[in-house]
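The structure under discussion appears below in the form of structure tokens.
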Amino acid sequence: MFKELAIPFDSILPSEIDDFDGDLVVTTEKEAPKQISMPMLFDEIISKDPIVVKGIITKMLNSTTNSSKLVLGIDPGQRIGVSVTYLENEIARAFFVSLDKLIPYLISILAELPAARKIVKIGNGDMKTANKILQMLNLQFCSKFEIEFVDESSTTLKIKNHNQRGKRDMLSAQFISQRTGNSKSILPLSITG
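Residue numbering for the sequence shown is 19 to 211, as defined by my numbering.
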């Protein structure tokens, strides 16, 4: 998983943990030292979505940051680009061709990463898809989040070879995540009825 996430790591024996000079240790509860001065995660974290794992690691390694914000930038269209920014760090980019795959991905990230503010920023270039995303999130995600429809003009870059595996859509989503729109708080239907 760490290779997939491009997170550098060292593999060490449990007996070497006390002398390890890294930033974070991932081990089993059984093999964990009783006292350790660095942050530690247990191996059950590996069962979570890789982006959630990267977010949790980002939070542990940036514990001094004042930000407690999760921003999902979404470029709606035929291909839907997504950029995930957590604690001011972009931790993921992805693209989807189906809302049925997009919505569970978004919900997993929104549900698993703790943040004081969870903001979903959707580009206004395809409002039919944008409203559908909002409607599906509101029906399926049972917690509060903020929504912003942002101006997505000039977010699409001209990339050679058209759209290399969704690269243009993911970059557009990144630009959308950095823009500001009119913010509206969305409460789950279980509260609003």
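Using N, Cα and C, we set each Cβ at its ideal position, and we do this for glycine too.
Euclidean distance between Cα positions of residue i and residue j
i: Met154; j: Ile30; result: 44 Å
i: Lys150; j: Asp36; result: 51 Å
i: Asp187; j: Ser172; result: 12 Å
i: Gly73; j: Ser101; result: 13 Å
i: Asn200; j: Ile69; result: 27 Å
i: Gly211; j: Val43; result: Here the model assigns Gly211 a pLDDT of 49, short of 50, so the residue's position is not dependable, and the following value carries that caveat. So the two alpha carbons sit approximately 44 Å from each other.
i: Leu90; j: Gly141; result: 11 Å
i: Ser55; j: Lys21; result: 25 Å
Counted within 10 angstroms of its Cβ, other Cβ atoms place residue i as buried (16 or more) or exposed
i: Ser145; result: Contrary to the premise, residue 145 reads as Met rather than Ser in this sequence. Burial call: exposed.
i: Ala134; result: exposed
i: Thr147; result: buried
i: Thr103; result: buried
i: Ala24; result: exposed
i: Gly184; result: buried
i: Phe113; result: buried
Of the listed residues the options, nearest to residue i (C-alpha basis)
i: Glu47; options: Ser55, Gly40 and Pro32; result: Pro32
i: Glu170; options: Gln158, Met78, Asp93 and Glu106; result: Asp93
i: Ala110; options: Lys150, Leu59 and Thr76; result: Thr76
i: Leu189; options: Ile98, Asp61 and Asp67; result: Ile98
i: Lys66; options: Met19, Lys202, Val115 and Ser116; result: Met19
i: Gln196; options: Phe38, Thr45 and Glu108; result: Glu108
i: Gln96; options: Glu106, Ser85 and Ser116; result: Ser116
i: Lys87; options: Asn142, Lys21 and Val138; result: Val138
Residue i and residue j closer than 8 Å at C-beta
i: Leu128; j: Phe167; result: no
i: Lys162; j: Ile204; result: yes
i: Ser85; j: Glu62; result: no
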